[in-house]
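*Asks:* Dropping a structure here in structure tokens format, bear with me for questions.
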Amino acid sequence: MILCIFNKRLRVSKTNYFKKIAVMVLAIIGICLLVGGIIFVVSTDNLAQFGKAPNGERLKRIQASPNFKDGRFINPTGFRQSFEIAKMKTIIPQWFTGKEQREPESPLPIIPLNQDFFSDMSEQGLQLTWLGHNTALIEIDGLRILTDPVWAERYSPSSLWGPKRFHEPPIALADLPPIDAVIISHDHFDHLDKDAVIALNSGNTVFFAPLGVGAHLEGWGVAPVNVRELDWWEETTFKNMTIAATPGVHFSGRRTPGSDNTLWATWSIIGPKHRVFYGGDTGMMDDFTAIGQKYGPYDISLIPIGAYDELWKEIHLNPEQGVRAHQMIGGGIMIPIHWGTFNLAFHDWFEPPERLVKAAAAAGIALVIPKAGQSVTPDSVPELVTWWRECK
């Protein structure tokens, strides 16, 4: 009898002990979340990084788009990126325990630039300078066009956390030459940098963006007259150029990941003498053929090849798919983008160019893999240099 009472009291004591431990753990987690939330708000400039949600006439235009159904934009393939718990259970442990070499072991070579480098632009020439990730300065038939300008140190709304750049931008924002136009592919943080937009907002620069993204731009001070939003297969005239938005396979949601309340796009830049395709961020699709038939062939194509994985294979091209996309649009010189600047996937950081070199050689296409800051012209194609192999 006495033994039974003792065992019962012991069980109650243990239960109370574990309850107290659980309460303490929950309290610690709550405090960490509170402190983290405060740091998050402070380090994201009072949440201004998240931009503005489309409303008013902009929202009405979105709702009238044939590519907008049931409250969200849809891909031409019908695929919708989802964030299931099961998928997160795979992604999160892999992010922390994966054995891939996702960052370079030594500094990447860059070619430092200043404004003087761009001072002698031919009105009928084409020169493309890769600045890292998806940022490229395209000098085409007398105009300067910048794609997805990102100068932020991290792929994140915060300056304190998130994947950090492998290399410094080869030119400071303040040292850029006058920019006629900026083309935005979509509203993710590695493609749309608030501080870069503010710095580039000279009053003369025109921003081209997919439907809905203009709300972010105007929220950061760009005048509505300098914002041109296009739906897929819409085009507009800009000075001596035609700028056309074309489909892509991706997703959006700067404020709410996966909300798909703003559009994503690939782009065609069509001048009187030259044509450039900008692939933004996309997965594989049959529409590449239609794009090439309508707007190709292109002198240069900028094709995303990195940050791919089987878990999200529908929304990012891998290197072999990039070569195929380049062929489908009728590309001339292929220049890879969306690699070599941020750690965004579970592959070795140098794997994309290695696979690309093999795929391009097998397909017999003209390939240039520039260093950050290196320029390419179709009239003088540099020899392929495997510079990344020295930085493993």
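With the working numbering, you'll find the sequence shown wraps up at 1882, consecutive numbering, no jumps. Backbone N, C-alpha and C fix where the C-beta goes; we use that ideal spot for every residue, glycine too.
1. Can you tell me where the alpha helix (DSSP H) with Arg-1814 in it begins and where it stops?
2. Measure the C-alpha to C-alpha separation of Ser-1533 and Gly-1652 and round it to an integer number of angstroms.
3. Does Pro-1747 pass the burial test, meaning 16 or more other C-beta atoms within 10 Å, or should it be called exposed?
4. Spatial neighbours of His-1627 within its chain, please: CB distance less than 7 Å, with the 5 preceding and 5 following residues excluded, ordered by chain position.
5. Alpha carbon to alpha carbon, how far is Cys-1881 from Ser-1596? Give it in angstroms, no decimals.
6. With a CB to CB cut of under 8 Å and the five nearest residues on each side skipped, what residues in its chain are close to Val-1847?
7. Going by DSSP, which residues form a beta bridge with Phe-1563?
8. Here's the rule: buried if 16 or more other CB atoms are within 10 angstroms of the residue's CB, otherwise exposed. What is Gln-1553?
9. Leaving out five residues on either side along the sequence, give the residues of the same chain with a beta carbon under 8 Å from the beta carbon of Leu-1801.
10. Taking the CB atoms as reference points, tell me whether His-1740 and Thr-1779 lie closer together than 9 Å.
11. With a threshold of 16 other CB atoms inside 10 Å of the CB of Ala-1445, please say whether the residue is buried or exposed.
12. If we ignore side chains and look at the alpha-carbon of each, how far apart do Glu-1590 and Phe-1558 end up?
13. Quick check on the DSSP output: the beta strand (DSSP E) that includes Glu-1629 runs from which residue to which?
14. Whose C-beta lies closer than 7 Å to the C-beta of Thr-1726 among residues of the same chain, with five residues either side of it excluded?
15. Please name the residue or residues paired with Arg-1644 in a DSSP beta bridge.
16. Please state whether DSSP places Val-1866 in a helix, a strand or coil.
17. With distances taken between CB atoms, is the gap from Arg-1570 to Arg-1562 smaller than 9 Å?
18. Which word fits Gln-1605, buried or exposed, when buried means at least 16 other C-beta atoms lie within 10 angstroms of its C-beta?
19. Where DSSP assigns a beta bridge to Trp-1620, which residues make up the other side?
20. So Ala-1671 is in the beta strand (DSSP E); what residue range does that whole segment cover?
21. Which two residues bound the contiguous alpha helix (DSSP H) that contains Arg-1845?
22. Cα separation between Gly-1615 and His-1816?
23. Suppose you measure from the CA of Trp-1585 to the CA of Asp-1838; what does that come to, to the nearest Å?
24. State the start and end residues of the unbroken alpha helix (DSSP H) segment that holds Glu-1708.
25. For the alpha helix (DSSP H) containing Asp-1685, name the first residue and the last one.
26. Could you give the residue range of the alpha helix (DSSP H) that holds Tyr-1785?
27. Over the uninterrupted beta strand (DSSP E) stretch that includes Pro-1794, give me the two end residues.
28. Whole angstroms are fine: how far does the CA of Asn-1730 sit from the CA of Ile-1795?
29. Who are the Cβ neighbours of Val-1813 in its own chain at under 6 Å, not counting the five residues just before and after it?
30. Straight-line CA distance for Arg-1879 to Ser-1555?
*Replies:* Once the coordinates are examined:
1. 1809-1819
2. For Ser-1533, the predicted model reports a pLDDT of 45, less than 50, meaning its position is unreliable and no value from the coordinates is stated.
3. exposed
4. In the sequence on display, residue 1627 carries Leu and not His. Same-chain partners within the cutoff: Thr-1619, Leu-1621, Arg-1634 and Leu-1636.
5. Near 5 Å, if we compare the C-alpha coordinates of Cys-1881 and Ser-1596.
6. If the five residues before and after Val-1847 are omitted, its C-beta is found closer than 8 Å to the C-beta atoms of Leu-1857, Ile-1859, Leu-1874 and Thr-1876, all from its own chain and listed in chain order.
7. DSSP output for Phe-1563 lists Phe-1558 as bridge partner(s).
8. Result: exposed.
9. Lys-1577, Thr-1580 and Ile-1581
10. no
11. Outside the modelled stretch of the chain, which goes from 1491 to 1882, sits residue 1445, for which no answer is possible.
12. 38 Å
13. Taken as a continuous stretch (DSSP letters only), the beta strand (DSSP E) holding Glu-1629 covers 1625-1630.
14. Arg-1718, Leu-1720 and Ile-1733
15. Lys-1654
16. If DSSP states are grouped into helix, strand and coil, Val-1866 belongs with the strands.
17. Against a cut-off of 9 Å, the Cβ pair of Arg-1562 and Arg-1570 comes out as a contact.
18. exposed
19. Ala-1626
20. 1671-1673
21. 1841-1853
22. The C-alpha of Gly-1615 lies about 22 Å from the C-alpha of His-1816.
23. 13 Å
24. 1704-1709
25. 1684-1690
26. Tyr-1785 -> alpha helix (DSSP H) spans 1777-1785.
27. For Pro-1794, the enclosing beta strand (DSSP E) has its first and last residue at 1788-1794.
28. Our two residues, Ile-1795 and Asn-1730, have alpha carbons roughly 30 Å apart in a direct line.
29. Ala-1849, Ala-1850 and Ala-1853
30. 46 Å
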